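What follows is a single structure, written as structure tokens, with notes after it.
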Amino acid sequence: MQKKVKRKFNFRKFLFFIIFLFLLYMGISYLISVKTKNIVILNNNYYSDDDIIYTAGIEDYPKFILLNKNKIKDKLLKLDLIEDVTINKRFGFILEITVKEKKILYYIRSTNLYKASDNKSYELNNMIGIPTLINYIPENIEKNFVNKLSNVDSEILSMISEIEYSKTTYDDKRFLLYMNDGNMVYITVSKAELLNKYVEIIKKVDNKKGILYLDSGNYFEIKEK
5 MQKKVKRKFN FRKFLFFIIF LFLLYMGISY LISVKTKNIV ILNNNYYSDD DIIYTAGIED
65 YPKFILLNKN KIKDKLLKLD LIEDVTINKR FGFILEITVK EKKILYYIRS TNLYKASDNK
125 SYELNNMIGI PTLINYIPEN IEKNFVNKLS NVDSEILSMI SEIEYSKTTY DDKRFLLYMN
185 DGNMVYITVS KAELLNKYVE IIKKVDNKKG ILYLDSGNYF EIKEK
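Numbering (our numbering) for the sequence shown: 5 to 229.
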């Protein structure tokens, strides 16, 4: 008959286990209680940092570990000019919000609205550095124009003062752009992206003033003094 061996209670191991559980509890409690230390907003041009923070509902810098990234993203996507949002939690209890905004292409003088890269018009506060559309564009042509103009660099768009729809008998997709530097540029919708080379082209003609034809022929006509 086997004798039952009575195990001796190991108080030291039990104590270490209790201490471990206590430290684990304290650590988890601390992580849950720590508020967001910093909020970093990236790539925003049309909305201020405060606009984004208040729309996201995080103006009180909530507890970091409890932040729900999907809820924040859903709130920000309700802003008219926000196209996409990427949210990351960084070391040091830092919340990083990277937004992708729709591009504002031009101001429509007749309606006091702004046309964006999604082909929708928005009522916005006065915006600086945005071209003004001075006349009417047929809807089907404007849609294609907006699509092509969306691929033009913002720096180039800011150099345009006014946009005029200027069709001819052989090209109903022709536009005349009045530039802030005194030049004029003719483009057709299919070649609108050539505007990205505007600065390079003007440098080649020693920054002289004139008319740049990008609609056909791609040449520069210097103005006579």
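Even for Gly, the Cβ is constructed at its ideal location relative to N, Cα and C. On a predicted model such as this, the values are computed, not experimentally measured, just so you know.
**Message:** Would the stretch 14–31 count as touching the stretch 77–84 if we require 3 or more Cβ pairs under 8 angstroms?
**Reply:** Look at the beta carbons and you see the stretch 14–31 not touching the stretch 77–84: under three pairs across the two are nearer than 8 angstroms.
**Request:** Look at residue 180 and residue 164 and say whether their C-beta atoms are less than 8 angstroms apart.
**Result:** Not a contact, by the Cβ cut-off of 8 angstroms.
**Asked** Is the CB-CB distance between residue 85 and residue 111 below 8 angstroms?
**Response** For the 8 angstroms CB-CB criterion, residue 85 and residue 111 do not form a contact.
**Item:** Residue of 168, 44 and 99 minimising C-alpha distance to residue 191
**Value:** With distances taken between Cα atoms, residue 191 lies closest to 168.
**Asked** How many angstroms separate the CA atom of residue 139 from the CA atom of residue 88?
**Response** Going by the C-alpha atoms only, they are around 32 angstroms apart.
**Prompt:** residue 58 lies in the alpha helix (DSSP H); which residues open and close that run?
**Reply:** Start and end: 53–60.
**Asked** Straight-line CA distance for residue 216 to residue 224?
**Response** Taking C-alpha positions only, residue 216 is separated from residue 224 by approximately 4 angstroms.
**Asked** So who's on the other strand from residue 26, going by DSSP bridges?
**Response** Residue 26 is not bridged to any residue.
**Item:** Pick from 152, 213, 150 and 41 that is closest to residue 184, judged by C-alpha positions
**Value:** For residue 184, the closest C-alpha among the options 152, 213, 150 and 41 is that of 213.
**Request:** Evaluate residue 193 with the Cβ neighbour count: other Cβ atoms within 10 Å of its Cβ, from every protein chain shown; 16 or more gives buried, anything less gives exposed.
**Result:** With 16 or more other Cβ atoms from the protein chains shown falling within 10 Å of its own Cβ, residue 193 counts as buried.
**Per-residue burial, residue 174 [other beta carbons within 10 Å of its own, 16 or more giving buried]** = A residue is called buried when at least 16 other Cβ atoms come within 10 angstroms of its Cβ; residue 174 does not meet this threshold and is exposed.
**Message:** Quick check: what's the CA-CA separation for residue 104 versus residue 16?
**Reply:** Each residue's alpha carbon lies about 57 angstroms from the other.
**Prompt:** If we call anything under 8 angstroms between Cβ atoms a contact, is residue 156 one with residue 197?
**Reply:** With a cutoff of 8 angstroms on beta-carbon distance, residue 156 and residue 197 are scored as near each other.
**Request:** Give the straight-line distance between the Cα atoms of residue 96 and residue 125, rounded to the nearest whole angstrom.
**Result:** Between residue 96 and residue 125, the alpha-carbon positions lie close to 41 angstroms from each other.
**Request:** Rounded to whole angstroms, what's the CA-CA distance from residue 116 to residue 127? Just pull it up for me.
**Result:** The alpha-carbon atoms of residue 116 and residue 127 are separated by roughly 7 angstroms.
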